[in-house]
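> My questions will all concern the structure given below.
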Amino acid sequence: MSFDLATTAFYYMSGASVTSAILAVTRKNPVHSMLWVLALFMHVAGIFLILNAEFLAAVQVIVYAGAILIFYLFIVMLLDLTGEETRPRFGKHWPLAMGAGIFFIIIGLLTQVEPRRAEDLPPGNLAQVGEQLFGPFALPFEIISLVLLAAIIGAVVLARGRRAGS
Amino acid sequence: MIVPMNVVLGLSALLFAIGAFGFLARRNIILMFISVEIMLTAINISLAGFSQHHGNLHGQVLALLVIAIAAAEAGIGLGLLIAKNRNKSGADVSDLIKLKW
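Heads up: the protein sequence lines correspond to chains A and B, in order.
Take 76 as the starting number for the first sequence in the working numbering and just add one per residue.
Take 6 as the starting number for the second sequence in the working numbering and just add one per residue.
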């Protein structure tokens with residue numbers, strides 16, 4: 076097997092996603108668990124990119140990491156499940172974090188690439204997924220919109236309580 | 006780059022096993038939901054891998070539908086958790102023993 080960048084990136088992302096999944100299901104604090112799941116979802120988005128699923132990677136970041144996970148975090152903090160622990164806001168690790176930030180700034184400065192023009196790119200994954208979604212998969216697409224509507228109504232009914240109804 | 010199919014399926018199976026372990030081992034209901042999300046993500050990886058393997062986009066479209074189902078599941082599950090929390094505070098599933106006899 077020849078060494079190339081995509082293979083290395085794929086195996087890094089596989090290892091990192093498995094590690095963050097294990098950490099996510101073993102942490103005691105739910106907020107820490109959520110943050111490890113966030114790392115897992117970001118690495119899975121990278122795996123989708125390597126598997127030539129660009130639109131799925133974007134949806135993974137926007138919907139999973141951006142909406143679903145923030146919803147979970149919102150519920151954890153709303154219900155106040157763990158007792159609030161008061162600690163110094165910045166622990167002993169801030170020089171490490173600052174070093175990592177400076178490292179990434181240096182990497183960003185070192186890797187200035189010539190931006191390609193849009194015409195050079197192959198026809199996009201998004202257009203093909205859209206054709207599939209509104210062609211052969213039109214009926215499942217409509218059904219899934221009904222499922223989402225039912226979920227919206229169900230969540231509102233469940234979370235509102237019985238005060239307004241009876 | 007074409008990722009070998011057995012590598013993708015192995016990764017997917019490993020993530021699914023971790024999620025199943027978390028669902029069975031944790032007692033906090035939110036962490037159980039999160040374990041379900043990990044399992045659904047594992048399924049999405051294998052669907053994207055199948056899509057690449059067969060050279061069509063059916064797997065990616067199915068993965069989009071799975072993401073929509075995951076969003077619906079999160080909304081309903083957390084709505085149930087809020088409704089339950091109104092009666093009895095806490096998220097431990099060991100407390101929910103009303104139907105046990």
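We put the beta carbon where it would ideally sit given N, CA and C, even for glycine.
Unbroken alpha helix (DSSP H) runs of length 4 or more, entirely within the region 69-103 of chain B: which are they?
Entirely contained in the region 69-103 of chain B, not one alpha helix (DSSP H) run reaches 4 residues.
> Can a CB atom of chain A be found closer than 9 Å to the CB of residue 41 of chain B?
Counted from its first residue, the second sequence places residue 41 of chain B at position 36. False, the Cβ-Cβ gap to chain A never drops below 9 Å.
> Say whether chain B places a C-beta atom closer than 9 Å to the C-beta of residue 93 of chain A.
As a first step, residue 93 of chain A is located in the first sequence; it is residue number 18 there, counting from the start. Chain B contact via Cβ: present.
> Looking only at DSSP bridge pairs, what is residue 33 of chain B linked to?
The residue given as residue 33 of chain B occupies position 28 in the second sequence. In the DSSP output, where bridge partners are listed per residue, residue 33 of chain B has B/97.
> Give the interface partners of residue 147 of chain A over in chain B, defined as CB-CB distance under 9 Å, in chain order.
By 1-based counting over the first sequence, the position of residue 147 of chain A is 72. Near residue 147 of chain A (Cβ distances below 9 Å), the residues of chain B are 35, 38, 39, 42, 79, 83.
> Among B/54, B/45, B/9, B/94, whose alpha-carbon lies nearest the alpha-carbon of residue 22 of chain B?
To locate residue 22 of chain B, count along the second sequence from 1; it is residue 17. Ranking the options by Cα distance to residue 22 of chain B, first place goes to B/45.
> Do the region 105-121 of chain A and the region 34-54 of chain B meet, that is, are 3 or more Cβ pairs less than 8 Å apart?
Yes: the two stretches touch, three or more of their Cβ pairs being nearer than 8 Å.
> Please check the pair residue 35 of chain B and residue 150 of chain A, which I expect to be a contact at CB under 8 Å, by giving their CB distance rounded to whole angstroms.
Taking the first residue of the second sequence as 1, we reach residue 35 of chain B at position 30. Taking the first residue of the first sequence as 1, we reach residue 150 of chain A at position 75. Their Cβ separation, rounded to whole angstroms, is 7 Å, which keeps residue 35 of chain B and residue 150 of chain A in contact under 8 Å.
> Please list the partners that residue 50 of chain B has in chain A, where partner means a Cβ-to-Cβ separation under 7 Å.
Here residue 50 of chain B refers to the residue found at position 45 when the second sequence is read from its first residue. Residues of chain A passing the Cβ test: 119, 122.
> With residue 16 of chain B and residue 96 of chain A assumed to form a contact (beta carbons below 8 Å), what rounded beta-carbon distance in angstroms separates them?
Residue numbering aside, residue 16 of chain B sits at position 11 when the second sequence is read from its first letter. Residue numbering aside, residue 96 of chain A sits at position 21 when the first sequence is read from its first letter. At roughly 10 Å, the Cβ-Cβ gap does not stay under 8 Å, so residue 16 of chain B and residue 96 of chain A are not in contact.
> Is residue 38 of chain B near residue 82 of chain B, with beta carbons less than 9 Å apart?
Locating residue 38 of chain B in the second sequence gives position 33, counting from the first residue. Locating residue 82 of chain B in the second sequence gives position 77, counting from the first residue. Going by C-beta atoms, residue 38 of chain B is nearer than 9 Å to residue 82 of chain B.
> Would you call the CB atoms of residue 69 of chain B and residue 154 of chain A closer than 9 Å?
Translated into the one-based positions of the second sequence, residue 69 of chain B becomes position 64. Translated into the one-based positions of the first sequence, residue 154 of chain A becomes position 79. Cβ atoms of residue 69 of chain B and residue 154 of chain A: not closer than 9 Å.
> Mind checking whether the beta-carbon of residue 105 of chain B lies closer than 8 Å to any heavy atom of the ligand HEM?
The ligand HEM is not part of this structure, which contains no ligands at all.
> For residue 91 of chain B, return the contacting residues in chain A, with the cut-off set at a CB-CB distance below 8 Å.
Taking the second sequence and counting its residues from 1, the one referred to as residue 91 of chain B is at position 86. Under the 8 Å cutoff, chain A gives 236.
> Please work out which residues of its chain come closer than 7 Å, Cβ to Cβ, to residue 99 of chain A, disregarding the five sequence neighbours upstream and downstream, and give them in chain order.
Position 24 of the first sequence holds residue 99 of chain A. Once the five neighbours on either side are set aside, the close Cβ partners of residue 99 of chain A are 108, 111, 112, 115.
> Can you pull the chain B residues whose beta carbon is under 9 Å from the beta carbon of residue 151 of chain A, in chain order?
Position 76 of the first sequence, counted from the start, is the residue given in the question as residue 151 of chain A. Correct list: 35, 96.
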